[in-house]
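Some notes on the structure that comes next.
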Amino acid sequence: MQKATKIDDVDKVMDEINEQTDNMKHIQEALANPIGYDFDEDELEAELEELEAAELEDDLLQAVTTSTSTSAAPVQVPAGVRQPTEPSTARRVPEKPSAEVDELAALQAEMAL
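Heads up, the sequence shown is in the working numbering, so the first residue is 135 and it goes up one at a time.
Dropping the structure here:
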């Protein structure tokens with residue numbers, strides 16, 4: 135067997151092994167690197183907060199616009215009815231708190247503990 139093995143053949147096999155080892159190292163380096171973009175977590179968090187704030191602002195503006203447009207509808211008064219020129223000085227009776235207001239107050243008191 136030693137006579138059949140030549141030094142050139144051994145060198146050729148060793149070169150192939152070294153080449154395959156280099157290929158394996160390149161593949162491992164490529165797999166170790168992240169694919170895609172590097173993201174800055176703080177920058178992404180700030181952008182998310184800006185988007186949420188803008189969405190909240192839009193929702194609030196839409197709610198205000200909706201409530202303003204429904205409450206600003208003109209009221210027609212019959213021709214013979216006299217309208218007061220100044221607000222009434224009569225005392226208004228305070229409304230009784232509803233069940234929702236009572237529940238909210240209870241929740242706030244519970245959270246304060």
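Think of the CB as a built atom: it goes at the ideal place given N, C-alpha and C, for glycine as much as any other residue.
Could you give the DSSP three-state label for residue i: helix, strand or coil?
{"i": "Asn-157", "result": "helix"}
{"i": "Lys-140", "result": "coil"}
{"i": "Ile-169", "result": "coil"}
{"i": "Asp-174", "result": "coil"}
Can you name the start and end residues of the alpha helix (DSSP H) that residue i belongs to?
{"i": "Asp-236", "result": "233-246"}
Within 8 Å of any Cβ in chain B, is that where the Cβ of residue i sits?
{"i": "Ala-233", "result": "In the structure shown, chain B does not exist; there is a single protein chain."}
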